[in-house]
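>
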Amino acid sequence: MKIYAVLEGRTITSIVEEAVRAWIAGRGDYEDVSTWARLEEEYRRNVKALEGLRGDRGFALVCRGRVVGVFDSYYEAARKALELNAGEALIVNLSERRIVEELELGLPW
Amino acid sequence: MKVYLRNDELNYAPIVEAEVLNPLRTQSINLAFIVDTGFQGGVLLPLKAYLMLQLHLMEEGKAVGKLASGAEAELRVSRAAVKLDCWEVECKAYTTVGVRRPLLGREVLKETGLLYEPPLKLQLLKLFTQ
Chain A
15 MKIYAVLEGR
25 TITSIVEEAV
35 RAWIAGRGDY
45 EDVSTWARLE
55 EEYRRNVKAL
65 EGLRGDRGFA
75 LVCRGRVVGV
85 FDSYYEAARK
95 ALELNAGEAL
105 IVNLSERRIV
115 EELELGLPW
Chain B
242 MKVYLRNDEL
252 NYAPIVEAEV
262 LNPLRTQSIN
272 LAFIVDTGFQ
282 GGVLLPLKAY
292 LMLQLHLMEE
302 GKAVGKLASG
312 AEAELRVSRA
322 AVKLDCWEVE
332 CKAYTTVGVR
342 RPLLGREVLK
352 ETGLLYEPPL
362 KLQLLKLFTQ
């Protein structure tokens with residue numbers, strides 16, 4: 015941080031202030047943040063429930079911290095998820111088991 | 242659906258007004274998407290729109306989005322369909338905190354084709370060839 019401050023002819027304080035401003039700007043409104051936090055809590059419970067699941071075929075539906083079942087298609091699992099109407103639901107293709115992907119997002123929105 | 246260029250200080254931003262639906266087609270919402278060729282995914286939605294479509298009940302996990310600035314953003318991932326005139330493109334839908342403008346990315350554009358010829362023309366090519 016010191017090196018960048020010197021290169022840009024700025025003080026450390028001004029850089030910290032800029033970082034805090036950017037962080038606040040990226041938070042969105044309070045309602046969004048609290049919704050996100052609620053979804054995150056459910057998501058973490060659901061990912062944990064998935065850890066113990068065996069098998070490599072079908073689509074597992076996980077909600078309320080437990081595996082509801084394994085379905086033949088994503089759409090069948092989605093229909094069941096709507097019926098249950100939990101706080102968050104995860105549908106995982108067991109043949110891939112990849113729940114985190116990477117992608118290019120372009121410019122900040 | 243409407244496809245047009247918007248030029249109020251936006252240098253002919255390519256806009257697609259389209260209906261986006263959840264994968265089961267039980268909920269839909271009309272949004273004005275900015276076409277973003279820097280976005281690899283299908284659609285990036287504001288969190289409220291994502292919830293309105295009930296996509297939080299059909300999530301497929303998370304994604305780490307890499308911004309052009311080098312920063313990273315954590316995204317929720319689900320599926321959606323974008324209705325363009327009489328046909329639909331199925332794609333992935335993403336959201337995160339702080340999304341203000343819905344984006345239409347390359348996963349949809351690779352299906353539709355795009356002619357961006359400002360200041361006169363913006364066209365989703367396959368809509369006119371099928």
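In order, the protein sequence lines correspond to chains A and B. For the first sequence, my numbering gives the first residue as 15, with consecutive numbering after it. For the second sequence, my numbering gives the first residue as 242, with consecutive numbering after it. We put the beta carbon where it would ideally sit given N, CA and C, even for glycine.
1) By the criterion of Cβ-Cβ separation under 7 Å, what are the contact partners of D277 of chain B in chain A?
2) How would you write the range of the alpha helix (DSSP H) that V34 of chain A sits in, first residue to last?
3) Using a C-beta cutoff of 8 Å, does W37 of chain A count as contacting chain B?
4) Beta-carbon of L10 of chain A versus every beta-carbon of chain B: anything under 8 Å?
5) In three-state DSSP terms, what is E90 of chain A?
6) Assuming contact is defined by CB atoms lying nearer than 8 Å, are M299 of chain B and P343 of chain B in contact in what I supplied?
7) Beta-carbon of E364 of chain B versus every beta-carbon of chain A: anything under 8 Å?
8) If you measure beta-carbon to beta-carbon, which residues of the region 331-353 of chain B are closer than 7 Å to chain A?
9) Please say whether A95 of chain A and L108 of chain A have beta carbons closer to each other than 8 Å?
10) Within 10 angstroms of the Cβ of I26 of chain A, are there 16 or more other Cβ atoms? Answer buried if so, exposed if not.
11) Is the separation between the beta-carbon of P359 of chain B and that of L251 of chain B shorter than 8 Å?
12) Count Cβ pairs between the region 332-340 of chain B and the region 253-260 of chain B that sit closer than 8 Å; are there 3 or more?
13) Please list, in chain order, the chain A residues whose beta carbon lies closer than 8 Å to that of V318 of chain B.
14) Is the region 43-53 of chain A close to the region 27-34 of chain A, with three or more CB pairs under 8 Å?
15) Could you name the residues of the same chain whose beta carbon sits closer than 8 Å to that of E313 of chain B, not counting the 5 residues immediately before and after it, in chain order?
From the atom records:
1) G120
2) I26 to A39
3) no
4) The structure shown does not extend to residue 10 of chain A, since chain A is modelled only from 15 to 123, so the question has no answer here.
5) In the structure shown, E90 of chain A sits in a helix (DSSP, three-state: H, G or I).
6) no
7) Going by the sequence as given, residue 364 of chain B is Gln instead of Glu. Not one chain A Cβ lies under 8 Å of Q364 of chain B.
8) V338, G339, V340, R341, R342 and L344
9) no
10) I26 of chain A is exposed by the Cβ-count criterion.
11) no
12) A contact is defined here as three or more CB-CB pairs under 8 Å, and the region 332-340 of chain B fails this definition with respect to the region 253-260 of chain B.
13) E115
14) no
15) V305, G306 and K307
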